Ligand code: CUA
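In our numbering, the protein residues as written are 98 to 473.
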């Protein structure tokens, strides 16, 4: 009936599906963006909705397929067999297939609506506020109560309620760190006359175990949407406090207008520093870099691009474009768009948008990269 070829194909197909089914089932924490191992109650509530819906719908699928196969086999056309009995209307069956699905919908619907309300809870007054701002294509994190600003990698304390206030600086993005739970759009929202944002989206959660959790933008937002990674680092409160102290923005005292000689920079490293790092620091603080970037305790206070305080902590360059290595930072400074299409930062020889090239030489790029590597 079937050719040998068809049977061969069918065997390969079944074997592949078998392998696929079992690889998909291992879903452990080695997958950094798994949604199945949340470290927050907030994530667990959502996971419970998923599990409940999954098992009900899987049961329905199995029932329908089994019934279908039964009918197909039982009532198939056989030579000489009479026509099966024709049935029109069956009150018992009709009641059954109306009432049972209605009950299942209630069993899925009620816990879902409960979970929606639970995950929309307003934060307690003592919650730690973290303002999350999506940019094309990087993330800004502000801690208004702590005077800390950072980008792409942020810290949060274990065991304390955190209140994320989300909005966008340009187009719609979506904040998603799967193991924290959630995924919520960030919108560009109009400001009031006083410059206040009129509305934010919110996520309120508490992380229960320390760890590093990767996330990414989950709403298509332009050509480098896929290169918009987030690193969330959850640490015990004491470690968090130490991080805050190291990140706090302290701008150096303004230089008096009549000062004859430049004042010493309070951010200057104490003692003997690597001459290359020192050279990079001097270049960074005297060239176009500071128009866009900030580094705490230095004169760099730009707000256009990502804050670079403690840049060496970040696992990647360009919010996920490349691993954070000397070579890759150099490549980034030389031509950001070669690593990340559409990036707004100009390169050494190439402009970007309204920004002219930085005109840094290869030696200067090497020094600036070494300086950024030293910000640990
Ligand atoms: Cu931001 Cu996609």
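Where a beta carbon is used, it is the ideal one built from N, C-alpha and C, also for glycine. In this text, all values refer to a predicted model and were calculated from it rather than measured experimentally.
Start and end of the beta strand (DSSP E) containing residue i?
i, result
"residue 282", "278-283"
"residue 236", "235-240"
"residue 311", "308-313"
List the endpoints of the continuous alpha helix (DSSP H) containing residue i.
i, result
"residue 436", "433-436"
"residue 167", "138-171"
"residue 463", "459-471"
"residue 207", "188-215"
"residue 409", "Neither: residue 409 is in no alpha helix (DSSP H) and is coded neither H nor E."
"residue 374", "372-383"
"residue 248", "Premise fails: residue 248 lies in the beta strand (DSSP E), 245-248, not in any alpha helix (DSSP H)."
"residue 387", "386-389"
Which partner residues does residue i have in the DSSP bridge list?
i, result
"residue 260", "226 and 301"
"residue 331", "253 and 308"
"residue 270", "283"
"residue 337", "Bridge partners of residue 337: none, in fact."
"residue 231", "236 and 265"
"residue 524", "Residue 524 lies beyond the residue range present for the chain, which begins at 98 and ends at 473; the question has no answer from this structure."
"residue 326", "313"
"residue 218", "Bridge partners of residue 218: none, in fact."
"residue 419", "414"
"residue 105", "In DSSP, residue 105 forms no bridge with anything."
"residue 398", "391"
How about residue i and residue j: do their beta carbons lie closer than 8 Å?
i, j, result
"residue 179", "residue 172", "no"
"residue 443", "residue 452", "yes"
"residue 468", "residue 378", "yes"
"residue 269", "residue 318", "yes"
"residue 128", "residue 278", "no"
"residue 265", "residue 285", "yes"
"residue 415", "residue 440", "yes"
"residue 392", "residue 373", "no"
"residue 409", "residue 324", "no"
"residue 236", "residue 321", "no"
"residue 205", "residue 153", "yes"
"residue 466", "residue 423", "yes"
"residue 276", "residue 134", "yes"
"residue 403", "residue 248", "yes"
"residue 462", "residue 449", "no"
Can you give me the C-alpha to C-alpha distance between residue i and residue j, rounded to a whole angstrom?
i, j, result
"residue 166", "residue 200", "25 Å"
"residue 196", "residue 185", "20 Å"
"residue 245", "residue 313", "22 Å"
"residue 256", "residue 308", "13 Å"
"residue 359", "residue 380", "Summary for residue 359: the model assigns pLDDT 49, below 50, so the residue's position carries little reliability, and this model does not support an answer."
"residue 219", "residue 303", "13 Å"
"residue 227", "residue 241", "7 Å"
"residue 473", "residue 132", "31 Å"
"residue 470", "residue 426", "9 Å"
"residue 363", "residue 460", "Interpretation of residue 363 is limited by its pLDDT of 49, a score under 50 that renders its predicted location unreliable; the figure taken from the coordinates is listed afterwards. For residue 363 and residue 460, the distance between alpha carbons rounds to 26 Å."
"residue 194", "residue 267", "49 Å"
"residue 137", "residue 345", "27 Å"
"residue 401", "residue 125", "39 Å"
"residue 458", "residue 327", "31 Å"
"residue 447", "residue 316", "29 Å"
"residue 429", "residue 202", "52 Å"
"residue 183", "residue 177", "18 Å"
"residue 225", "residue 190", "56 Å"
"residue 107", "residue 162", "20 Å"
"residue 216", "residue 337", "25 Å"
"residue 340", "residue 456", "34 Å"
"residue 432", "residue 142", "44 Å"
"residue 282", "residue 420", "27 Å"
"residue 221", "residue 111", "53 Å"
"residue 385", "residue 343", "25 Å"
"residue 407", "residue 272", "22 Å"
"residue 375", "residue 150", "58 Å"
"residue 239", "residue 390", "15 Å"
"residue 306", "residue 187", "56 Å"
"residue 356", "residue 223", "Because the pLDDT at residue 356 is just 49, under 50, the model does not fix this residue reliably, and the value given afterwards should be weighed accordingly. Going by the C-alpha atoms only, they are around 45 Å apart."
"residue 53", "residue 115", "This structure cannot settle anything about residue 53, because the visible part of the chain is limited to 98 through 473."
"residue 477", "residue 335", "Examination of residue 477 is not possible in this model, given that the chain is present from 98 through 473 alone."
Given the structure, does residue i come close to the ligand ZN, in the sense that its CB is under 7 Å from one of the ligand's heavy atoms?
i, result
"residue 284", "No copy of the ligand ZN occurs in the structure displayed; its ligands are the ligand CUA alone."
Check your understanding: Counting Cβ pairs, one atom from each stretch, are 3 or more of them under 8 Å apart for the segment 256-275 and the segment 297-305?
Key -> yes
Review point. With contact counted as at least three CB pairs below 8 Å, one residue from each stretch, are the segment 141-150 and the segment 205-214 in contact?
Key: The segment 141-150, when compared against the segment 205-214, does touch it at the 8 Å Cβ threshold.
**Study point:** At least three beta-carbon pairs within less than 8 Å, the segment 321-334 to the segment 280-293
**Key:** no
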